[in-house]
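Numbered according to the UniProt record's numbering, the sequence shown terminates at residue 90, and the numbering increases by one at each position without gaps.
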Amino acid sequence: METLISAPQNQAGCEKDFMQLKSDNTVEEGNYDSTIDPCALFTDLGIYSRSNNNLTKVIDGVTTTQDIVNLTLSELKLKDANGNIEVYIK
1 METLISAPQN
11 QAGCEKDFMQ
21 LKSDNTVEEG
31 NYDSTIDPCA
41 LFTDLGIYSR
51 SNNNLTKVID
61 GVTTTQDIVN
71 LTLSELKLKD
81 ANGNIEVYIK
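If you want it as structure tokens, here you go:
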């Protein structure tokens with residue numbers, strides 16, 4: 001059974017937070033936050049690799065590995081070690 005969790009960090013009225021995997025194996029994660037300025041975009045850059053059905057990211061020295069549950073041209077579904085599922089839609 002899947003348990004999908006909505007990203008609690010998305011700010012109402014702002015664009016949705018995102019993860020962009022680039023062809024040079026760099027990753028950019030974007031977070032919209034209205035704490036200081038309305039819908040301000042904050043980004044973190046790192047690297048990623050894919051091995052079989054695992055996606056490993058290193059951002060700010062923190063390594064995260066998630067299982068790729070589904071990968072299509074329009075959707076990336078990832079599951080972490082706790083069973084939490086993130087869905088990214090293009």
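Where is the CB? At the ideal position from N, CA and C, for every residue including glycine.
Could you name the residues of the same chain whose beta carbon sits closer than 7 Å to that of residue 43, not counting the 5 residues immediately before and after it, in chain order? Residue mapping note: residue 43 aligns to position 43 of the sequence shown, counting from 1. Answer for residue 43: 28, 29 and 30, listed in chain order.
Where residue 77 sits in the DSSP three-state scheme: The count along the sequence shown starts at 1 and reaches residue 77 at position 77. Correct three-state label for residue 77: strand.
Among 19, 88, 47 and 12, whose alpha-carbon lies nearest the alpha-carbon of residue 74? Numbered from its first residue, the sequence shown carries residue 74 at position 74. Of the candidates 19, 88, 47 and 12, the one whose C-alpha sits nearest the C-alpha of residue 74 is 88.
Could you compute how far the alpha carbon of residue 19 sits from the alpha carbon of residue 39? Reading the sequence shown from its first residue, position 19 is the one you call residue 19. Reading the sequence shown from its first residue, position 39 is the one you call residue 39. The straight-line gap from Cα to Cα measures roughly 17 Å.
Kindly indicate which three-state DSSP category residue 49 falls into: helix, strand or coil? Translated into positions along the sequence shown, residue 49 becomes position 49. Reduced to three states, the DSSP call for residue 49 is strand.
Residue environment, residue 71, which counts as buried when at least 16 other CB atoms sit within 10 Å: Counting from one through the sequence shown, the residue named residue 71 turns up at place 71. It counts as exposed.
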